[in-house]
Amino acid sequence: MMHGMRVALFATCLIDALYPDAGKATVHLLERLDQPVEFPLEQTCCGQMHANSGYFQPSLVRRYIDTFTDYDAIVTPSASCAGAIRHQHAMIARAAQDDALAAAAQQTAGKTYELSQFLIDVLHTDDVGAYFPHRVTYHPTCHSLRMLQLGDRPLRLLKKVRGIDLVDLPNDQECCGFGGTFSIKNPDVSAAMLADKMESVIETGAEVLCAGDRSCLMHIGGGLERIRAGVKTLHLAEILASTDGETAH
């Protein structure tokens, strides 16, 4: 870890607008690990939902670069957005035939990390001093598995949480059916995929479903709530930020 490393939080639209606790937990966790983190107010959307629908927005890529270029690292509690920044930003700039923007996008993307990546690859820790005495199952989201290839990083972190009863999720690598705009364009298929995922979650007997993407948790959590399954959803950051004196509810 670089001494005096300047780190920024990229909160993401969904967390900023609907689930601020995941963003707060990320800051709380990093500060507990003696890593100061800044929140640049100029940040907006990474542009993923536009790009996924075929609307390439170089202006959003430029905004991201302008906002975060001076930082040594950018941390985001979202594999989905981290994946979009790493894999779409330079592509969008090249599609706009802006080579200078593409080069800058590549550079900024290279120092953008999903939370578990940052903790393990940059801070070199898999034990963050968390305490969470509950039965938890973990859903590895599609972007974390297939785009960022996070592997076992989130599970390594969860296994070191004191008091946790971590249980395997059956068919964990199957998509939950959210997929951003996929769930809107293909509601019937999405609902069927969600039903399968909910069945797997309920089968574990877990009190809490954890994931690194609040978007997938919103989708699965909404389904679980509608059938009163009694399973809560918490972002990975919220569990890792929990300690003896302060357990996430």
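The sequence shown begins at 1220 in my numbering and counts up by one. Each residue gets a CB set at the ideal place from its N, CA and C atoms; glycine is no exception.
- Query: Buried or exposed: E1261, going by 16 or more other Cβ atoms within 10 Å of its Cβ?
  - Reply: exposed
- May I ask you to report which of helix, strand or coil DSSP gives E1457? helix
- Identify which residue in F1275, D1432, L1334 has its Cα closest to the Cα of L1219. No information on residue 1219 is available, as it lies outside the stretch 1220 to 1468 that the chain covers here.
- Secondary structure of R1251, DSSP reduced to three states: helix
- With DSSP run on the structure shown, which of helix, strand or coil describes I1293? strand
- Neighbourhood of F1258 by C-beta, 6 Å cutoff - its chain only, sequence neighbours within 5 removed: L1228
- How about V1355 and I1458: are their beta carbons less than 8 Å apart? yes
- Item | 8 Å contact criterion, which A1430 and L1455 should meet: CB distance rounded | 7 Å
- According to DSSP, is V1341 helix, strand or coil? helix
- Message: Ignoring anything shorter than 4 residues, give me the alpha helix (DSSP H) runs that lie fully in the region 1313–1371, in order along the chain.
- Response: 1318–1329
- Item | Alpha carbon of A1315 to alpha carbon of P1277, nearest angstrom | 7 Å
- Query: Distance, Cα to Cα, C1395 vs A1410?
  - Reply: 9 Å
- Item | Sequence-distant residues of the same chain with beta carbon closer than 6 Å to C1232, five excluded per side | C1264
- Candidates I1311, G1223, A1244: closest to A1321 by CA position: I1311
- Would you identify the three-state DSSP class for C1264, choosing helix, strand or coil? coil
- DSSP three-state assignment for C1232, whether helix, strand or coil: helix
- When the Cβ atoms of the region 1330–1346 are set against those of the region 1415–1423, are three or more pairs found closer than 8 Å? no
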